Ligand SMILES: Cc1cc2nc3c(=O)[nH]c(=O)nc-3n(C[C@H](O)[C@H](O)[C@H](O)COP(=O)(O)O)c2cc1C
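In the working numbering, the protein residues as written are 787 to 965.
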């Protein structure tokens, strides 16, 4: 079973989450392929996908949004998990999901969507970004909840391993939503 792990990331923090998720999927004995969304023209060859994005101005980044548009006819029958990486501080703010995630969930039939707090490093930001960050008083720091991310990723791996085992034994399992 081959799982696509693909995220849109401007400054790398979402990509590091993707790498961790892929590693945990591989630890479960499944194959995980970490790819940039812009490199994916089709889901052919993948049995499932984990798709994520850093959040900017309340929305997902374009490469992740475009991937979902491009592959719109291919989600049916594939298990999909979504995540967003964005809120900052303790407690993490904002505490609402990005505006476009509801549409992404519908488009992909995703089993789950999680919002994970993100990371903000001043030296990585462009001048315009620093202005935006100062304007909303966003706090610098790394707020990513690695334990929560690992628990979520292991849940995905367990679910997929169950499907994989059932396929090997030819046992029918419930199809994901949207099929
Ligand atoms: C200019 C700018 C705007 C941002 N806007 C949001 C936002 O609207 N909502 C949010 O939750 N996080 C926002 N963030 C925080 C980022 O989502 C967070 O830093 C995330 O970890 C970035 O992911 P990346 O490193 O993969 O690009 C913003 C960060 C910057 C620099």
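C-beta: ideal position from N, C-alpha, C; glycine also. This structure is a prediction, so every number in the text was calculated from the model and none was measured.
*State yes or no: is the C-beta of residue 791 nearer than 7 Å to some heavy atom of ligand 3?*
This structure does not include ligand 3; its bound ligands are ligand 1.
*Which runs of the beta strand (DSSP E) spanning at least 3 residues fall entirely within the segment 810-882, listed in chain order?*
817-821, 834-842 and 865-871
*For residue 959, does the three-state DSSP call read helix, strand or coil?*
Counting from 1 along the chain shown, the entry for residue 959 is found at position 173. In the structure shown, residue 959 sits in coil (DSSP, three-state: anything other than H, G, I, E or B).
*Is residue 794 helix, strand or coil by DSSP?*
In the chain shown, residue 794 corresponds to position 8, counting from 1. Reduced to three states, the DSSP call for residue 794 is strand.
*Would you give the residue range spanned by the beta strand (DSSP E) that residue 901 belongs to?*
What you label residue 901 is simply residue 115 of the chain shown in a count that begins at 1. Looking at the DSSP string, the run of the beta strand (DSSP E) that includes residue 901 is 898-902.
*Determine contact between the segment 836-852 and the segment 793-813, defined as no fewer than three beta-carbon pairs at a distance below 8 Å.*
yes
*Could you tell me whether the segment 808-828 touches the segment 864-877, using the rule of 3 or more Cβ pairs below 8 Å?*
no
*Roughly how many angstroms separate the alpha carbons of residue 839 and residue 954, rounded to a whole number?*
Translated into positions along the chain shown, residue 839 becomes position 53. Translated into positions along the chain shown, residue 954 becomes position 168. Approximately 33 Å between the Cα atoms of the pair.
*Roughly how many angstroms lie between the CA atoms of residue 933 and residue 862, to the nearest whole one?*
Here the question's residue 933 lines up with position 147 in the chain shown. Here the question's residue 862 lines up with position 76 in the chain shown. Each residue's alpha carbon lies about 31 Å from the other.
*Report yes if the C-beta of residue 868 is less than 7 Å from at least one heavy atom of ligand 1; otherwise report no.*
The residue labelled residue 868 in the question sits at position 82 within the chain shown. Every heavy atom of ligand 1 is 7 Å or more from the Cβ of residue 868, so no.
_Alpha-carbon to alpha-carbon, residue 920 and residue 739_ = The requested residue 739 is not part of the displayed model; the chain covers only 787 to 965.
*Per DSSP, residue 914 is paired with what?*
Looking up residue 914 in the chain shown gives position 128. None, per the DSSP bridge assignment.
*Straight-line Cα distance separating residue 805 from residue 949*: The count along the chain shown starts at 1 and reaches residue 949 at position 163. The count along the chain shown starts at 1 and reaches residue 805 at position 19. If you take the alpha carbons of residue 949 and residue 805, they lie about 22 Å apart.
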